[in-house]
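Novice: Sequence positions in the sequence shown follow my numbering and run 34 to 196.
Cβ coordinates follow ideal geometry from the N, Cα and C atoms, glycine included.
Since the model is a prediction, treat every value here as computed from it, not as a measurement.
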Amino acid sequence: MFHIVLVEPEIPQNTGNIARTCAATGCRLHIVKPMGFEIDDKKLKRAGLDYWHLLGVCYYENLDEFFEKTKGARYFFASTKAPYTYAEANFQDEDYILFGKETKGLPEELLHEHKEECIRIPMIDEARSLNLSNSVAIIAYEALRQNGFAHLKETGQLTKFEW
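(1) With C-beta atoms as the reference, is PHE99 less than 8 Å away from VAL169?
(2) Counting along the chain, where does the alpha helix (DSSP H) carrying ILE51 start and finish?
(3) Return the Cβ separation of PHE35 and ALA173 in integer angstroms, given the expectation that the two are a contact with Cβ distance under 8 Å.
(4) Once DSSP output is grouped into helix, strand and coil, what is the label at LEU177?
(5) May I ask you to verify whether the region 184-196 touches the region 142-153, counting CB pairs closer than 8 Å and requiring at least 3?
(6) Is SER112 near ARG153, with beta carbons less than 8 Å apart?
(7) Figure out for me which residue from GLN190, LEU88, ILE130 and GLN46 has the closest Cα to the Cα of ALA56.
(8) Measure the CB-CB distance between PHE109 and LEU144 and report whether it falls below 8 Å.
(9) Which term fits ASN95, buried or exposed, when burial requires 16 or more other beta carbons within 10 angstroms of its beta carbon?
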């Protein structure tokens, strides 16, 4: 299982979409406060639809508490400022992938402390960033792909179609 960490998320719809991605992929969601919304926000619940019962979620008051409670884990830090692409990362089961708030990303000092674990999604120079929920999905699925989509359904079944 991979761990998706949202540091101070601001937009409930993004967090709801990310929660749905985590539920569908078996990733655990970690939320580091403060948040820019209440967890019972209708927009959050609507974006996550009826997947909330499939979701494992943990909350932390701040980054210090998060790192204390996950001490010894492997971390990756997603940022547009990162020197490496997510495709260069070697993801392993139980890794934590951190994403910053929508308006500022992860704190600069955190990125400097963990430069070798910072990853980015390639995009054109003129683009500032991708939507947070899209970024989480891209990187989460790469981590899952690298690990053989363990525990995920890989085949579908077409229903009989009659003309």
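Specialist: Based on what the coordinates show:
(1) no
(2) ILE51 -> alpha helix (DSSP H) spans 45-58.
(3) Right, their Cβ atoms sit about 6 Å apart.
(4) In the structure shown, LEU177 sits in a helix (DSSP, three-state: H, G or I).
(5) no
(6) yes
(7) LEU88
(8) no
(9) exposed
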